[in-house]
Amino acid sequence: MTRLLLPLAAIVVFFLLSLITVRVARPRDPKRFFLAYALLLLAGTAVAYLAIWPLDTIDDALGLVSALLVQLLACLTMWNAFYSLLWGFSGSMMFDLFTDPSLLDRERLIRSYVGDGPVDRILARRLPNLERGGWVAIEHQTLRLRPKGTVMAVGTLAAFKLFSLGMGGGVK
Amino acid sequence: MNVLARAIVIAAALFAVQALVVAAIAAIRRTANIYALIIVVACATAPLVFAAGPSIVGEPLSTQGRAFLALMHLSLGGFLFHFMTLPDRSVTLRIFVELLLAPGRTLTLEALGSRYGVRTMVGSRLDQLEQGQFLSIRPDGRMTLLPRGHRFGRFVTAGRRLFNIKSAN
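Heads up: the protein sequence lines correspond to chains Z and G, in order. Just so we're aligned, residue 0 is where the first sequence starts under numbering that gives the first Met the number 0, counting upward by one. Just so we're aligned, residue 0 is where the second sequence starts under numbering that gives the first Met the number 0, counting upward by one.
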């Protein structure tokens, strides 16, 4: 099990590199850095593992694959925690409720999300990115799904059905 | 087939089996929490994978090899957990599905709001936070953060300060 020290070290390095990047460099799109670090560290772990434990038996191969999976899972968990908890819907809501006690009222909180503009706070942050990314086209206050978005929608609908998720979107 | 390719095929098969088991149980127990289900399935089947390691791989395995196989299985459960957050919780993916199901795959902002509006999103998320005992909601709509909610709020606030996050939702 000493073989698992390699992914453990890589996980620590991933965390520190990500932390330094976000705190010091403050990039506009940190996920590109996270992805680059995760891929480079995976390659590093694979090279180091193969140098120390060549793949002579199936045990060696299982050790390599499990080490890479554990490392990738830990990086993905940190990445997901960063985006889902700190940037996500529930995290943002808890941040609002924790830092602004006047929002501890259901209607007032909903009104803060509805806002005064033509689109609510949730769509306002997403729509420009979706249009820029080629997922949807927006014309005259109307959204049209583009081919790239259609592929994602079909896959999502399949997951809804396969795992009995209802209509997803965080709505129960 | 070399040993690495075999290990990758075994990992893919373990992932597929776990996903199918979760899907089958979710179909029977429709009210079950999908995330708890994934954790239970991964943890309950890991000892089976350890015990049946040689049969799964098709050749004798050392104890260490069996442990790696069980660890691989648990990790794959973790990936399934992460994957599930996408269709289950993503606002963006839900918007895509609403557009897919709409005539001509087109919706006005107003029509989208009536199918999947901010009131539904916020209301449902508050209900989930209440069920998770992060907060309590009185019949008049007044809310109180519970100890778990205070901890979550402190964590998010500290995290946002740490990472210099100014705005998000």
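C-beta: ideal position from N, C-alpha, C; glycine also.
Report yes or no: do three or more beta-carbon pairs, one from the region 11-26 of chain G and one from the region 162-170 of chain Z, lie closer than 8 Å?
yes
Along chain Z, in chain order, which residues have C-beta atoms closer than 7 Å to that of E129 (chain G)?
Within 7 Å Cβ-Cβ: nothing; E129 (chain G) doesn't reach chain Z, min ~10 Å.
Tell me which residues of the region 31-44 of chain Z have at least one Cβ-Cβ distance to chain G shorter than 9 Å, keeping chain order.
none
Determine whether the beta carbon atoms of Q70 (chain Z) and T107 (chain G) lie at a separation below 7 Å.
no
How should L4 (chain Z) be labelled, buried or exposed, when 16 other C-beta atoms within 10 angstroms of its C-beta is the threshold for buried?
exposed
Output the distance between the C-alpha atoms of R93 (chain G) and D139 (chain G), rounded to the nearest integer angstrom.
30 Å
Can you say whether E138 (chain Z) is buried or exposed, counting buried as having 16 or more other CB atoms within 10 angstroms of its CB?
exposed
On the premise that F97 (chain Z) lies in contact with L144 (chain G), defined as a C-beta separation below 8 Å, what is that separation, rounded to the nearest angstrom?
7 Å
M142 (chain G) by DSSP, collapsed to three states: which one?
strand
Would you verify that the beta carbon of Y112 (chain Z) is, or is not, closer than 7 Å to some beta carbon of chain G?
yes
The region 83-93 of chain Z in contact with the region 119-132 of chain G per 3-pair CB rule at 8 Å:
yes
Alpha carbon to alpha carbon, how far is L156 (chain Z) from R105 (chain Z)?
31 Å
Cβ shell of M142 (chain G) (< 6 Å), same chain only, five flanking positions each side left out:
L134 and I136
For R65 (chain G) and F162 (chain G), the rounded distance between their alpha carbons:
40 Å
Of all the alpha helix (DSSP H) runs that stay within the bounds of the region 18-99 of chain Z, which reach a length of 4 or more residues?
29-51, 57-79 and 88-98
Hey, is the region 142-149 of chain Z in contact with the region 96-106 of chain G, meaning 3+ C-beta pairs nearer than 8 Å?
yes
Is D87 (chain G) buried or exposed, if buried means 16 or more other CB atoms sit within 10 Å of its CB?
buried
Using the beta-carbon of each residue, which ones in chain Z are nearer than 8 Å to Q63 (chain G)?
M0, D58 and G62
Establish whether the CB of G133 (chain Z) and some CB of chain G are separated by less than 7 Å.
no
Against chain Z, with Cβ distances strictly below 7 Å, would V90 (chain G) count as a contact?
yes
Proximal residues to A73 (chain Z) (C-beta, below 6 Å), its chain only, five neighbours per side dropped
I10
What does a CB cutoff of less than 6 Å around F49 (chain G) pick up in its chain, not counting 5 residues either side in sequence?
R65 and A69
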